[in-house]
Ligand code: DON
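Residue numbers (the numbering used here): 2 to 587.
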């Protein structure tokens, strides 16, 4: 158990000896003018290069996004989708939704056999698993509307990494041994050298991807309406995929209004639907804001983990019943964020005890009945990065192919992997998806619909603080499927309730609960004595990586930036669970 931030600095590192990394300083990286944090050092450096050239936080973020598509093919992508939350130097916010959309040929039961059973893995691997990619549209939209340097400049580092190659570390070559990718000849050829697997220290070049990126830099609309769109559609048609030229032409990124709320006197700006992340985060924090958590113990103490878990359980219950694509339905977001509703939920929590999910009843009088039928349109691998510039502009971006290397399918001749985002829909009501999430009719598959996400890019600003009003204080986010929401919430609670710095928050052992399955997941390094006490309260503890040599026992990748209120310096916290990432500032 960790009682004090200072103690945390020491104990966290004995608790969280990162599985594939050397122990690093518990202090964040400090810089005066700009900061970029991402899972890959080359990508962070690409963002930094833009800031040094006079670019702003969006230029840096778009450079990182395209660079990760080259140097982190596990999740970085142009064949997937995501969300970019921007807060400009005047305090205006934009949430760029570039989530994938189901192709027109998609249907509610497309992953079921004739007996109505789910066809294993069909929504996760191979040609039928992909939604229409949104990344190129999203990054290009962000650059064109909010960047300063232009696509050619911000894509230059990515093109360079693809053309000249980048050096692979041991951790990176390990994940390229994906058994799924070995099943697809183009992926096997490019990422696995036809079985002569890359070794640590070798330089990995991607000439097809370099050519694709050059074409996008010259004209990003080619991906959706031009010759490239036709190439993608032809590849899909030839190999039994669903995405057509018309699907690509119909794709558009959307600039949406973020979810906003307060926690402990700070203002939180976060992801709206089609992400469940922001509203589930705010509902959880609203429930928790009624407690003085420090009275129940320190960071990761049984008393705190108990209450936080109970808040997650309740907010995730609402997630499954109510949330889906906002273009297809109205959602009770105001009701979910109502402090009175949070207070009513709080009354159902008994400190020191687990409430079983089975039989948990929603407080009456606050929420409408959940949808019973799919709405009709009226008319685990992801990655996060954060950037900030000297003007106070901040970007929080999470994007994804869904599982590691997405569908494992590489588009022939274009050198990029396609997503398996279709698995984020509910393929069958009541049956868990790849993340064990049981979801309702609100998230049923329909043509043109965006699957419900958990990605939670978040920016925190000051309210009435001595060092300013409406100033960016934190930028954060993480991958991890549904654990994204608990990772972001855990980070905020560690920071605001327990006084940890961003580096300590990133490295603290994680825990997660998502209502169903009714188990409290903990990372491998989560303190055993705390887990024992939680067990005694009635929790079923699932320790990640236990009895499984191949499972690293960790999840997520928090990439945070804080602003030091005293000096105005930027503090970068990079998640030490991966040893090839970097907080890069100047
Ligand atoms: O949008 C979502 O919620 C998922 N597709 C995210 C997947 C993910 O984070 C996997 N990474 N670890």
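Where a beta carbon is used, it is the ideal one built from N, C-alpha and C, also for glycine.
Starting from residue 476, trace the beta strand (DSSP E) in both directions and tell me its first and last residue. Translated into positions along the chain shown, residue 476 becomes position 475. Looking at the DSSP string, the run of the beta strand (DSSP E) that includes residue 476 is 473-477.
Are there three or more Cβ pairs, one per stretch, closer than 8 Å when the stretch 111-128 is compared with the stretch 429-438? Three or more beta-carbon pairs drawn from the stretch 111-128 and the stretch 429-438 are found closer than 8 Å, and the two stretches are therefore classed as touching.
Tell me whether residue 480, by its Cβ, gets closer than 7 Å to a heavy atom of the ligand DON. The residue you call residue 480 lines up with position 479 of the chain shown. Distances taken from the Cβ of residue 480 to the heavy atoms of the ligand DON include one shorter than 7 Å.
With a threshold of 7 Å, establish whether the CB of residue 425 neighbours any heavy atom of the ligand DON. Looking up residue 425 in the chain shown gives position 424. Within the cutoff, so yes.
Kindly examine the ligand DON and report whether one of its heavy atoms sits closer than 7 Å to the Cβ of residue 559. One-based indexing of the chain shown puts residue 559 at position 558. Taking 7 Å as the cut-off, the C-beta of residue 559 does not count as close to any heavy atom of the ligand DON.
Anticipated Cβ contact below 8 Å, residue 1 with residue 422, distance rounded: With the chain represented from 2 up to 587, any question about residue 1 goes unanswered, as that position is not in the structure.
The ligand DON heavy atom lying under 7 Å from the CB of residue 456: Position 455 of the chain shown holds residue 456. Residue 456 Cβ: within cutoff of the ligand DON.
Could you tell me which whole beta strand (DSSP E) segments of length 3 or greater appear in the stretch 223-303? Those beta strand (DSSP E) runs which fall completely within the stretch 223-303 and span 3+ residues are 255-257, 260-264 and 267-271.
Tell me whether residue 117 is buried or exposed, calling it buried when 16 or more other Cβ atoms sit within 10 Å of its Cβ. What you label residue 117 is simply residue 116 of the chain shown in a count that begins at 1. Classification of residue 117: exposed, given that the 10 Å Cβ count is below 16.
To test your reading of the DSSP string, which unbroken alpha helix (DSSP H) runs of 4 or more residues are found completely within the stretch 295-377? Qualifying alpha helix (DSSP H) stretches, in chain order: 303-323, 334-337 and 340-348.
Which residues DSSP lists as bridging residue 388, in chain order: Translated into the one-based positions of the chain shown, residue 388 becomes position 387. BP columns for residue 388 point to 37 and 396.
Over the uninterrupted alpha helix (DSSP H) stretch that includes residue 152, give me the two end residues. Taking the first residue of the chain shown as position 1, residue 152 is located at position 151. For residue 152, the enclosing alpha helix (DSSP H) begins and ends at 152-165.
Does the stretch 175-194 touch the stretch 224-233, meaning 3 or more C-beta pairs lie closer than 8 Å? No, the stretch 224-233 does not touch the stretch 175-194.
Same chain, Cβ closer than 6 Å to residue 22, five either side skipped, listed in chain order: Within the chain shown, numbered from 1, the residue matching residue 22 stands at position 21. At residue 22, the pLDDT of 38 sits below 50, so the modelled position is not reliable and the matter cannot be decided from this model.
Of the listed residues 473, 75 and 33, nearest to residue 93 (C-alpha basis): Counting from one through the chain shown, the residue named residue 93 turns up at place 92. Checking every option, the nearest Cα to that of residue 93 belongs to 473.
Using the three-state DSSP reduction, which class does residue 78 fall into: helix, strand or coil? Residue numbering aside, residue 78 sits at position 77 when the chain shown is read from its first letter. Reduced to three states, the DSSP call for residue 78 is coil.
Flag this pair as yes or no: are the beta carbons of residue 163 and residue 207 separated by less than 8 Å? By one-based count along the chain shown, residue 163 stands at place 162. By one-based count along the chain shown, residue 207 stands at place 206. A contact, by the Cβ cut-off of 8 Å.
Assigned secondary structure, residue 98 (DSSP; H/G/I helix, E/B strand, else coil): Taking the first residue of the chain shown as position 1, residue 98 is located at position 97. Strand, per DSSP.
Alpha carbon to alpha carbon, how far is residue 253 from residue 324? Position 252 of the chain shown, counted from the first residue, corresponds to residue 253. Position 323 of the chain shown, counted from the first residue, corresponds to residue 324. Going by the C-alpha atoms only, they are around 21 Å apart.
Can you tell me whether residue 240 sits near the ligand DON, meaning its C-beta is under 7 Å from at least one heavy atom of the ligand? Here the question's residue 240 lines up with position 239 in the chain shown. No, the ligand DON has no heavy atom inside 7 Å of this Cβ.
Short check: CB of residue 508 to CB of residue 541, under 8 Å? Looking up residue 508 in the chain shown gives position 507. Looking up residue 541 in the chain shown gives position 540. Not closer than 8 Å, so no.
Tell me, to the nearest whole angstrom, how far the beta carbon of residue 174 is from that of residue 562; I am working on the premise that it is less than 8 Å. Here residue 174 refers to the residue found at position 173 of the chain shown. Here residue 562 refers to the residue found at position 561 of the chain shown. With a Cβ gap of about 29 Å, residue 174 and residue 562 do not count as contacting.
In chain order, what residues of the same chain have a beta carbon less than 8 Å from the beta carbon of residue 142, not counting five sequence neighbours either side? As a first step, residue 142 must be located in the chain shown, where it is residue number 141. Closer than 8 Å at the Cβ level, and outside the excluded window around residue 142, lie 97, 99, 254 and 256.
The beta strand (DSSP E) spanning residue 45 covers which residue range? Along the chain shown, read from residue 1 onward, the residue named residue 45 stands at position 44. No beta strand (DSSP E) contains residue 45, which is instead part of the alpha helix (DSSP H) from 42-53.
Should residue 61 be flagged as near chain C, meaning a C-beta pair shorter than 8 Å? No chain C is part of this structure, which consists of one protein chain only.
Given residue 584, which residues of its chain have a CB within under 6 Å of its CB, disregarding the five upstream and five downstream residues? Along the chain shown, one-based indexing puts residue 584 at 583. Excluding sequence neighbours, residue 584 sits near 30, 38, 573 and 575.
Could you round the C-beta distance between residue 85 and residue 139 to whole angstroms and report it? I think they count as a contact, below 8 Å. Taking the first residue of the chain shown as position 1, residue 85 is located at position 84. Taking the first residue of the chain shown as position 1, residue 139 is located at position 138. Going by Cβ atoms, the distance from residue 85 to residue 139 rounds to 6 Å, so yes, they are a contact pair.
Mind checking whether the beta-carbon of residue 94 lies closer than 7 Å to any heavy atom of the ligand DON? Position 93 of the chain shown, counted from the start, is the residue given in the question as residue 94. Checking the Cβ of residue 94 against the ligand DON gives no.
Would the beta-carbon of residue 270 fall within 8 Å of that of residue 460? Your numbering for residue 270 matches position 269 in the chain shown. Your numbering for residue 460 matches position 459 in the chain shown. Yes. Within cutoff.
Pick helix, strand or coil for residue 217, following the three-state DSSP scheme. Reading the chain shown from its first residue, position 216 is the one you call residue 217. When DSSP states are grouped into helix, strand and coil, residue 217 belongs to the helix group.
Spatial distance of residue 145 from residue 152 (CA atoms): Residue 145 sits at position 144 when you count from the first residue of the chain shown. Residue 152 sits at position 151 when you count from the first residue of the chain shown. The alpha-carbon atoms of residue 145 and residue 152 are separated by roughly 8 Å.
Environment of residue 129 [buried if 16+ CB atoms lie within 10 Å]: Within the chain shown, residue 129 is the residue found at index 128, counting from 1. Buried.
When you compare each of 170, 449 and 516 to residue 202 by their alpha carbons, which one comes out closest? Reading the chain shown from its first residue, position 201 is the one you call residue 202. The shortest Cα separation from residue 202 among 170, 449 and 516 belongs to 170.
Return helix, strand or coil for residue 491, following the three-state DSSP convention. Position 490 of the chain shown holds residue 491. It is helical.
Sort 199, 177, 456 and 259 by Cα distance to residue 82 and report the nearest one. Counted from its first residue, the chain shown places residue 82 at position 81. For the residues 199, 177, 456 and 259, the minimum Cα distance to residue 82 belongs to 456.
Is DSSP giving residue 91 helix, strand or coil here? Locating residue 91 in the chain shown gives position 90, counting from the first residue. In the structure shown, residue 91 falls within a coil segment according to DSSP collapsed to helix, strand and coil.
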